[in-house]
Amino acid sequence: MNKNTFIKKFLETYVNTTTNHPDESYDHIDFDVMISPKYENRSCIAVFSGDHGIFPIILEITDNPYHMELGYIDVFLISNKPVRRSKKQRDLLKLIMKYLQENSLLKFSHD
């Protein structure tokens, strides 16, 4: 998944609507992803940073991918505002995890 597709889907989910704009219309929104290293038994933190108003996006990455899909995380911020547990939160987390995995930024082992 490229950045434009991710941003389009993220914004559509965040504002709860669909757009008929092509993915290329989101070229002006650029971002970087930083994932903290795992330290002892603490979770990693992923930070999406950029110049658009939705950034930074900060979330805890647990070792259990199912916790991510169900929204069982303690840290999830968009524009430095906490995201409450809801269907939208779960959809955003699934999209973020899909982006991180498809771009080889994160790998889960399903043991």
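Sequential numbering of the sequence shown, starting at 628, is according to our numbering. Cβ atoms here follow ideal geometry from the backbone N, Cα and C, with glycine treated the same way. The structure presented is a predicted model; accordingly, all values stated were derived computationally and were not measured.
Contact check, residue i vs residue j, beta carbons under 7 Å
i, j, result
"GLU639", "THR645", "yes"
"CYS671", "ILE684", "no"
Counted within 10 angstroms of its Cβ, other Cβ atoms place residue i as buried (16 or more) or exposed
i, result
"PHE633", "buried"
"GLY680", "exposed"
"TYR666", "exposed"
"LYS635", "buried"
"LEU732", "exposed"
Identity of the residue in the options nearest residue i by Cα
i, options, result
"MET695", "LYS721, SER713, ILE672", "LYS721"
"VAL674", "ILE681, LEU686, GLU667", "LEU686"
"TYR641", "PHE682, CYS671, ASP701", "PHE682"
"ASP678", "THR689, ASP654, ASN691", "ASP654"
"ASP718", "PHE637, ASN691, ILE684", "PHE637"
"TYR693", "ARG711, ARG669, SER676, LYS725", "LYS725"
"SER676", "ASN668, ASN691, ILE656, ASN629", "ILE656"
"SER713", "ASN631, ASN643, MET628, ASN629", "ASN643"
"LYS715", "VAL702, GLY698, GLN728", "GLY698"
"PHE658", "ASP690, ASN631, PHE703", "ASN631"
Where the alpha helix (DSSP H) containing residue i begins and where it ends
i, result
"LEU719", "714-729"
Bounding residues of the beta strand (DSSP E) (the contiguous stretch that carries residue i)
i, result
"VAL674", "671-677"
Cβ contact (3+ pairs, closer than 8 Å) linking the stretch 697-707 and the stretch 653-668: Below 8 Å, too few C-beta pairs join the stretch 697-707 and the stretch 653-668 to call them touching: fewer than three.
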